[in-house]
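Residues 721 to 1234 (the working numbering) make up the sequence shown, in order.
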Amino acid sequence: MSVKVTSGVLAGIDGLMVDVEVDMHGGVGHFDIVGLPEASVRESRVRVTSALRQLGHRITSRWITVNLAPADLRKTGSLYDLPIAVGVLACMDEIPTRSTDGKMFVGELSLDGELRPVPGVLPMAAAAIKAGIGEILVPVENAREAAVVSGIRTVAIRDLTSLIRYLAGDLSIEPTVSSPPDTTHIQMPDLADVRGQAHVKRALEIAAAGRHNLLMIGPPGCGKTMLARRIVSILPPMTYGESLETSRIYSVAGLLRHRGGLVTDRPFRTPHHRASSASIVGGGPNPRPGEVSLAHNGVLFMDELPEWKREVLEVLRQPLEERVVTISRVRYGLSFPADFLLIAAMNPCRCGYLGDSRHECSCTTTEIARYRSRVSGPLLDRIDLQVEVSPVPFRELSAATGRGTSGEAAERVLAAAKIQADRFKGSAVLFNGRMDSPGVRRNCAVPPEAETLLEHSMDRLGLSARALDRILKVARTIADLDLCERIRTEHVAEAIQYRMLDRLKGQFPQAFPA
Ligand SMILES: Nc1ncnc2c1ncn2[C@@H]1O[C@H](COP(=O)(O)OP(=O)(O)O)[C@@H](O)[C@H]1O
Ligand SMILES: [Mg+2]
């Protein structure tokens, strides 16, 4: 007897259909899984055998072959436990024939037949709809993420016993409906908590408005981390499309069920500087999205930038440039979206106190140079805003609250985003920070007076042509925040202020090897 049960497979953040064909007859004990299964899939034999034994079915004396089609797609994970068990049960007439038609099955089994959650249920549900499948049966813990996808019935299954009763029509299970988490009551940290630091708040606003990557440079304890955390409070709310796309990534990473089935707030990821490149960009034998993808449509915060491993900074270049991570495999390649805003922080030198009026810096010029050179040029090249953060004087720190709330800043950011949406209508670029050189030429004309100012600064700071482009992009965003169609000289003058490293280079040329 042979039976076909529908399941899925992941390719990046997309789901594809898989047919689980189970062939069973009596006789010698044999249980084989074919169709490019990795070791994790072959382990299904053990769990399925044990789970069925709990129901009183001994399958050790049967000849069972499972084929996962198409055979040219590599299958990993424990999600085939459920469709294999269903196939075996159907072969034994424990489940009515045809009761599995038009249904997709994914889930891991415990040895006693309970269902356990698996990653990637959201994209698989989305793929099922495209294939004309009307119902997806998933472990209870995955039900909310499958239910986010409209147009398919999500049935949450607790264990094999209830599944059999459900398929036989002896048990009715209400389909799960999507109920995204209500986060409205959660108080996000607000910019008003930060005393002083007006120019850093301004830089955060510019970063959020034009999606310019930002580097904060300042001594320990001056509020860099505190400021960075508050940027999500001024970014525009996620659109449904953004929310769904980020949710797919979290689903594949196995993190969506902890997020109530849908990511509705922009992610703020804070990986540690000792993180490996695999954990940052993703990959591994069972490809998982890395931190840059978990930050998709949100923020990646890299603290202590010079402490990061060189190889990690190196692999960051692709996502920063292309907003996607591609993972190559021998047989196929796959990609994860990775469109994030980078906020980085660093001390100005190894001891941290260079330029701090309250402490003596104990670093030698060589030490400063070595410290700085760890942040590679190519990475700095992708950071439009560099700001100095100085400790706030005690007088200001003891004030009741800081000036400027996140709400006010968010309104200005939203207005600037609308202007950019009009400007870039029909193009792949949506924000000033993402313009290429021709885009800068087209959109960033400046008055003659500003030309003179730029020329003067280039000479004084030794700015490259690329640095000039970055100043112009930032000036464009400042003008947008000002609701000005034309960039004015004052906008350019402000943009030049956000080149802290270039100014330091002027002050300490020895510290910056060419
Ligand atoms: N401008 C500020 N306004 C209010 N609190 C501040 C400010 N700067 C620093 N702090 C306090 O000091 C703590 C340390 O700041 P933190 O952001 O961790 O500094 P850094 O990341 O620069 O080392 C914060 O948690 C906050 O309590
Ligand atoms: Mg910090």
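Cβ atoms here follow ideal geometry from the backbone N, Cα and C, with glycine treated the same way.
Reduced DSSP category for Arg-1180 - H, G, I as helix; E, B as strand; rest coil: As a position in the sequence shown, residue 1180 is number 460, starting the count at 1. Residue state, collapsed to three classes: helix.
Nearest-angstrom beta carbon gap, Asp-1200 and Ile-1139 [assumed within contact, 8 Å]: The residue you call residue 1139 lines up with position 419 of the sequence shown. The residue you call residue 1200 lines up with position 480 of the sequence shown. Confirmed, about 5 Å.
Alpha helix (DSSP H) segments (min. 4 residues) lying fully within the stretch 893–952: 918–930 and 944–949
Contact the stretch 925–937 vs the stretch 879–888: 3+ CB pairs below 8 Å: no
Validate contact between the stretch 911–926 and the stretch 1103–1115 using beta carbons, cut 8 Å, 3 pairs: yes
Residues bridged to Glu-834 [DSSP beta-bridge criterion]: As a first step, residue 834 must be located in the sequence shown, where it is residue number 114. Beta-bridge pairing links Glu-834 to Asp-879.
Cβ-heavy atom distance, Pro-1111 to ligand 1, below 8 Å: Position 391 of the sequence shown, counting from 1, holds the residue named residue 1111. Checking the Cβ of Pro-1111 against ligand 1 gives yes.
Rounded separation between His-1211 and Glu-1169 - CA only: Taking the sequence shown and counting its residues from 1, one reaches residue 1211 at position 491. Taking the sequence shown and counting its residues from 1, one reaches residue 1169 at position 449. Using only the alpha carbons, I get a separation of about 12 Å.
Lys-1193, DSSP secondary structure in three states: Start at 1 with the first residue of the sequence shown, and residue 1193 comes out as number 473. Helix at Lys-1193.
Boundaries of the alpha helix (DSSP H) in which Pro-1158 is found, first to last residue: Position 438 of the sequence shown, counted from the start, is the residue given in the question as residue 1158. Start and end: 1157–1163.
Proximity of Asn-688 and Ile-733 at Cβ, strictly below 9 Å: With the chain covering only 721 through 1234, there is no way to say anything about residue 688.
Residue burial classification, Ser-781 (beta-carbon count within 10 angstroms, cutoff 16): As a first step, residue 781 must be located in the sequence shown, where it is residue number 61. So Ser-781 ends up on the exposed side.
Heavy atom of ligand 1 within 8 Å of Gly-941 beta-carbon: Residue numbering aside, residue 941 sits at position 221 when the sequence shown is read from its first letter. True, at least one ligand heavy atom lies under 8 Å from that Cβ.
Endpoints, alpha helix (DSSP H) assigned at Glu-1031: Within the sequence shown, numbered from 1, the residue matching residue 1031 stands at position 311. Residues 1030–1035.
Close Cβ partners of Ser-971 (< 7 Å) along its chain, the five nearest in sequence each way excluded: Within the sequence shown, residue 971 is the residue found at index 251, counting from 1. If we look at Ser-971 and ignore the five residues flanking it on each side, its Cβ neighbours are Pro-839, Gly-840, Val-841, Leu-842, Pro-843 and Glu-865.
Heavy atom of ligand 2 within 8 Å of Ala-1065 beta-carbon: Reading the sequence shown from its first residue, position 345 is the one you call residue 1065. Yes, since a heavy atom of ligand 2 falls inside the 8 Å radius drawn around the Cβ of Ala-1065.
Span of the beta strand (DSSP E), counted from its first residue to its last, around Val-858: Locating residue 858 in the sequence shown gives position 138, where the first residue counts as 1. Looking at the DSSP string, the run of the beta strand (DSSP E) that includes Val-858 is 855–859.
C-alpha distance - Thr-1085 paired with Gly-941, whole-angstrom precision: Translated into the one-based positions of the sequence shown, residue 1085 becomes position 365. Translated into the one-based positions of the sequence shown, residue 941 becomes position 221. Using only the alpha carbons, I get a separation of about 23 Å.
Outcome for Ser-764 when other beta-carbon atoms lying within 10 angstroms are tallied against a minimum of 16: Locating residue 764 in the sequence shown gives position 44, counting from the first residue. That one is buried.
Which of helix, strand or coil DSSP assigns to His-1016: Residue mapping note: residue 1016 aligns to position 296 of the sequence shown, counting from 1. Three-state DSSP puts His-1016 in coil, outside helix and strand.
Selected residue, minimal CA-CA separation from Asp-801, among Ser-770, Pro-790 and Ile-815: Residue mapping note: residue 801 aligns to position 81 of the sequence shown, counting from 1. It is Ser-770.
Nearest residue (CA-CA) to Pro-757, options Glu-1041, Cys-1081, Ser-1157 and Pro-1005: The count along the sequence shown starts at 1 and reaches residue 757 at position 37. Comparing Cα-Cα distances from Pro-757 to each of Glu-1041, Cys-1081, Ser-1157 and Pro-1005, the minimum goes to Pro-1005.
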